[in-house]
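Asker: Shown below is the structure under consideration.
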Amino acid sequence: MGIRFRCHHCETELHVKDFQAGKRGRCPECRGKFRIPPTDAPHSLDPDASLDSAATTPDRVSSETTQPTPAADAEPDQSRDQVEQAPAPQAAESAADQSPSPPTTLALPQALQSSVESKWYVRPPSGGQFGPAPSQLVWQWLGENRVGRDALVWCEGWPEWLIAEEVFDDYFSSVEQDSVPPGIPDGSAHGKADSSITAADATLGPPSLSKQVPHSDGAAASERNVNATATPSLSLSDRHRAGRNLKRRRNYTVMIATLTVIMLLLIGALIIVLMRQTA
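Counting with the working numbering, you get residues 718 to 996 for the letters of the sequence shown.
Next comes the structure, spelled out in structure tokens:
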């Protein structure tokens with residue numbers, strides 16, 4: 718079903734999944750920040766607003782914003798301010814962020830939907846490599862903020878590693894990560910989406926890649942051994958070197974052909990001169 722609301726900055730209609738309730742997000746239209754309401758609401762919430770106060774008094778707040786309160790009602794105003802200023806328990810908000818409801822297949826980003834049966838690998842910017850992991854487990858990692866925007870991801874059949882923000886752009890454009898940890902924790906094997914996946918499936922397991930992949934911050938991921946059956950056997954440096962060699966051979970061929978034509982022209986001119994002298 719999901720949660721429907723409008724961005725309180727630009728009135729853009731938005732529709733997100735139920736497990737994202739209470740999380741902070743960013744409007745894909747105006748890029749304004751907001752907090753997703755717990756249920757269907759006319760507008761999104763202020764990103765600094767507490768979740769409990771928004772959940773207990775949504776109707777009252779909306780009616781008070783549309784209808785002015787008489788000046789004589791001093792006590793209701795004071796009670797309303799006390800409710801709005803009361804801080805929400807941090808434990809409740811952290812529990813909502815740390816324990817998202819399991820996403821369904823329909824909630825997967827487009828990249829995961831198109832490769833449901835494939836195995837994925839993730840390289841956090843802090844180093845290390847995690848996989849093979851099924852699409853549901855990668856989706857769980859995304860929902861738990863274990864895969865940051867700058868992480869590198871690779872799927873079976875891809876020619877090279879890609880940045881997570883480019884692969885899962887539909888996810889990162891709708892939900893803003895509150896805090897991105899340095900990497901997927903060692904206990905990432907727990908909470909698997911498929912009961913047939915063993916603990917070894919989510920531990921460190923390098924895909925077939927033996928090149929240094931630069932991150933957006935200029936760092937390079939650690940080198941991994943090659944398994945020629947899964948990814949291309951040539952690294953980026955090897956491909957660049959092969960391209961230069963091919964270009965050099967082409968230039969050499971053109972130069973030889975040009976010299977051959979010039980030599981034939983000179984021989985023809987020499988023959989003409991000799992024939993005129995003998996005549």
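Idealized CB from N, CA, C, for every residue including glycine.
These numbers come from a predicted model, not from an experiment.
So Arg840 and Leu869 are supposed to be a Cβ contact under 8 Å. How far apart are they, rounded?
Answerer: 4 Å
Asker: Let me know if Lys964 comes out buried or exposed under the rule of 16 or more other beta-carbons within 10 Å of its beta-carbon.
Answerer: exposed
Asker: So, for Lys836: in the same chain, excluding its five sequence neighbours on each side, which residues have a beta-carbon less than 6 Å away from its beta-carbon?
Answerer: Pro849 and Glu873
Asker: By Cβ distance, which residues of its chain are closer than 6 Å to Pro998, with the 5 residues on each side in sequence left out?
Answerer: No answer is possible for residue 998: the residues shown for the chain start at 718 and end at 996.
Asker: Could you pull the DSSP bridge partners for Lys750 from this structure?
Answerer: Arg743
Asker: Excluding the 5 residues preceding and the 5 following Ala738 in the sequence, name in chain order all residues of the same chain whose CB lies nearer than 8 Å to its CB.
Answerer: Ile720, Ile753, Pro754, Pro755, Thr756 and Ala813
Asker: Where does the unbroken beta strand (DSSP E) through Leu869 begin, and where does it stop?
Answerer: Leu869 to Cys872
Asker: What is the DSSP secondary structure of Glu877, counted as helix, strand or coil?
Answerer: coil
Asker: How many Å lie between His760 and Phe736 at the Cα?
Answerer: 18 Å
Asker: Give every residue of the same chain whose Cβ lies closer than 7 Å to the Cβ of Gln830, excluding the five residues on either side of it in the sequence, and list them in chain order.
Answerer: none
Asker: Under the rule that 16 or more other beta-carbon atoms within 10 Å means buried, what is Cys747, buried or exposed?
Answerer: exposed
Asker: Considering only C-alpha positions, which residue in the set Gly845, Val833 and Leu879 is nearest to Leu854?
Answerer: Val833
Asker: Nearest-angstrom Cα distance between Trp871 and Cys744?
Answerer: Computed Cα separation, rounded: 28 Å.
Asker: Once you ignore the five residues that flank Phe885 on each side, which residues in its own chain have a CB closer than 7 Å to its CB?
Answerer: Pro826, Ala828 and Leu859
Asker: Taking only three categories from DSSP, how would you classify Gly848?
Answerer: strand
Asker: For Cys727, collect the residues of the same chain with a Cβ closer than 7 Å to its Cβ; drop the 5 residues on either side in sequence, then sort them by chain order.
Answerer: Cys744, Glu746, Cys747 and Gly749
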